[in-house]
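In the numbering used here, the protein residues as written are 2 to 252.
Cβ atoms here follow ideal geometry from the backbone N, Cα and C, with glycine treated the same way.
What follows is a single structure, written as structure tokens, with notes after it.
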């Protein structure tokens, strides 16, 4: 099962090795392919800088929906662009398999601090159910050191009586130069290491091991990801949502 605790260092080695193998087997670009625009600045950590995201697509449940989910002790999701694409399918899956209600606050491009801000606002306005899914972190590759504090902040808001299911990250943008792809991968592992360290301190934090699932078979980096970060539909979407379901399903 991918929801069990991993050795943090072992997980980093496994995922990085899988990524390097996949990178070596990338096909040569088509003569008709559009050249990827290079990152203007690699930034402090090699992945560039987070751009403006506030005008991006979002999926936010209505106040009526949120109140219903909290009253029914369902599941809430806070996510980024992957959740904007996959969140509705996750809600259907949870309803079909667990009979649970579902609400989400998903915003393309948002970093973890913004998702935690939203969690705090919902906690104040509506309260929170016992199960919270955090599907953010991919946009923290631009500033990995800031991630751990936001995880701690989110866990304080949730409190020890709620379970937080946090999906770890796999980012290596295939439309960027190789050096940036490698920086993305390194920063993804940095984020995942911080998440693993937090889980050692917080029994109510459960990691959904998406990155390790992809690394278990390196071809999944191509079949389940369409651009090095977003899931393919239906394969990647189904696989990631199934891992979240597996984590939430009572044992």
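With fewer than 16 other beta carbons inside 10 angstroms of its own, residue 45 counts as exposed. For the 7 Å CB-CB criterion, residue 179 and residue 228 do not form a contact.
Contact between the segment 162-177 and the segment 101-116 is absent: fewer than 3 CB-CB pairs across the two stretches fall below 8 Å. For residue 247 and residue 91, the gap between their C-alpha atoms comes out near 12 Å. In the DSSP annotation of this structure, residue 91 is not part of any beta strand (DSSP E); the continuous alpha helix (DSSP H) holding it starts and ends at 82-99. Going by DSSP, residue 127 is part of no alpha helix (DSSP H) at all; its letter is neither H nor E. Taking every protein chain shown into account, the CB of residue 67 has 16 or more other CB atoms within 10 angstroms, so this residue is buried. Uninterrupted alpha helix (DSSP H) stretches at least 4 residues long and entirely within the segment 101-162 occur at 113-126 and 148-159, given in chain order. Per DSSP, residue 227 is not a residue of any alpha helix (DSSP H), being assigned neither H nor E. Just so you know, the alpha carbons of residue 164 and residue 134 end up roughly 9 Å apart. As the crow flies, the alpha-carbon of residue 223 is around 26 Å from that of residue 95. Its Cα nearest to that of residue 98, the residue 75 stands out among 75, 79, 84 and 105. Residue 206: member of the beta strand (DSSP E) spanning 206-209, first to last residue.
The Cβ atoms of residue 226 and residue 237 sit closer than 7 Å to each other. In the structure shown, the three-state DSSP call for residue 60 is strand.
Residue 166 has 134 and 207 as its beta-bridge partners, per DSSP. Each residue's CA atom was taken as its position, placing residue 102 and residue 131 some 12 Å apart. Membership of residue 238 in the alpha helix (DSSP H) is indicated by the continuous run 236-249. Here residue 233 carries a coil assignment [DSSP, helix/strand/coil].
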